[in-house]
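At the far end of the sequence shown sits residue 276, using the numbering used here, and the numbering has no gaps.
Step one of this worksheet: look at the structure below.
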Amino acid sequence: MKKGINLWCFPNDWSLEKKLALASQAGFHGVELNIEETGHLTLESTQEELIEIGKLVTSYNLEIVGLSTALFWNNPLTSSGQDIREKARNIVSKMIENAHTLKADTILVVPGLVTEDVRYDVAYETSKHALIDLARYAEELNVVIAIENVWNKFLLSPIEMKRFLNEIGSNNVKAYFDVGNILNFGFPDQWLTILDSYIQCIHVKDFKNEIGNIHGFTSLFHGDVNWSRVMDALHEIHYDGYITAEVMPNKHFLDRHIYELSNSIETIIKGGSQ
3 MKKGINLWCF
13 PNDWSLEKKL
23 ALASQAGFHG
33 VELNIEETGH
43 LTLESTQEEL
53 IEIGKLVTSY
63 NLEIVGLSTA
73 LFWNNPLTSS
83 GQDIREKARN
93 IVSKMIENAH
103 TLKADTILVV
113 PGLVTEDVRY
123 DVAYETSKHA
133 LIDLARYAEE
143 LNVVIAIENV
153 WNKFLLSPIE
163 MKRFLNEIGS
173 NNVKAYFDVG
183 NILNFGFPDQ
193 WLTILDSYIQ
203 CIHVKDFKNE
213 IGNIHGFTSL
223 FHGDVNWSRV
233 MDALHEIHYD
243 GYITAEVMPN
253 KHFLDRHIYE
263 LSNSIETIIK
273 GGSQ
């Protein structure tokens, strides 16, 4: 397994070079880039700009783990509005193209949202058919669409997630499993062993059950995740991909926090049944 870090772990006002330099110095093998409204990487980034970003990442002896974005929260694939659904599809398509240019093999996609106005069964079918269509483009460019378990009131069990992926029926649509996200309504080791080969990537953060809301997310080993069970499950399914940190940056001692994340992931990887 390899150590990855999402660039959201760094302060927004840091330059891309500064983020990459610290990630490399702290011992990470790869970085996950984020497509934002503004910043280092956007939907409007040109191919030339993408190539330069790729060269910059490589110059720090890092790989690109994949591409992520928060744009799907305001533009869900399951929206009741056709214009928004179309925009969401366009975002996925653009992410596939950008990943291909950057020589990254994975994009993280939020599969949709269940809301008061978007019924669960409708969201399920809408998301599934959108991803079936988008899978063709992903297959063409050799990129995996990895759908993440998030707090979206959708795909709430590993059995349902596995069935959903089975019904899509593409090797280029898999799961992006977030260990911390699941703790509020499930057990990460169970999700891992049930999803098994459907898992493309792993996000790690911790979560405090006593808080129980968005403020419960915390850095590794500061919450209630049973990391020994998680690592036993990862070894059981023979996972050998990236373990990627996705936590908010500290307000103080920022460099130390990044080193701490790297060391914590190292401990998780080597931990097993300890």
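Even glycine gets a Cβ: it sits at the ideal position worked out from N, Cα and C.
- Distances from the CA of A125 to each of Y244, L236 and G83 were compared; the closest alpha carbon is that of G83.
- Around the Cβ of G171, a 10 Å sphere holds fewer than 16 other Cβ atoms; the residue is exposed.
- If the five residues before and after V59 are omitted, its C-beta is found closer than 7 Å to the C-beta atoms of L22, V33 and I66, all from its own chain and listed in chain order.
- Annotation note: the segment 93-149 contains the following uninterrupted alpha helix (DSSP H) runs of length 4 or greater, listed N- to C-terminal: 122-143.
- In chain order, A148, I149, M163, L167, L197, Y200, I201 and Q202 place their CB closer than 7 Å to the CB of A177, counting only its own chain and leaving out the 5 sequence neighbours on each side.
- For H205, no alpha helix (DSSP H) encloses it; the enclosing beta strand (DSSP E) starts and ends at I201 to V206.
- One thing to note: F179 has its Cβ no nearer than 8 Å to the Cβ of N211.
- For N168, the secondary structure class from DSSP, reduced to helix, strand or coil, is helix.
- The Cβ atoms of T246 and V206 lie closer than 8 Å to each other.
- When beta bridges are read from the DSSP output, T71 appears opposite I37.
- Excluding its 5 nearest sequence neighbours in each direction, S129 has C-beta neighbours in its own chain below 7 Å: L79, T80, P113 and G114, listed in chain order.
- The distance from the Cβ of C11 to that of I213 is about 20 Å, inconsistent with a contact at the 8 Å cut-off.
- DSSP lists E150 and C203 as the beta-bridge partner residues of Y178.
- Between L263 and D226, the C-beta gap is not smaller than 8 Å, which leaves the two residues out of contact.
- For S26, the CB contacts under 8 Å within the same chain, skipping 5 residues up- and downstream, are Y62, N63 and L64 in chain order.
- Considering only I134, Y122 and R121, the residue with the shortest C-alpha distance to S95 is I134.
- Between F30 and T269, the alpha-carbon positions lie close to 13 Å from each other.
- For T44, the closest of W75, L157, G68 and M97 by C-alpha to C-alpha distance is M97.
- The Cβ atoms of L9 and I55 lie no closer than 8 Å to each other.
- In the displayed model, N183 falls within a helix according to three-state DSSP.
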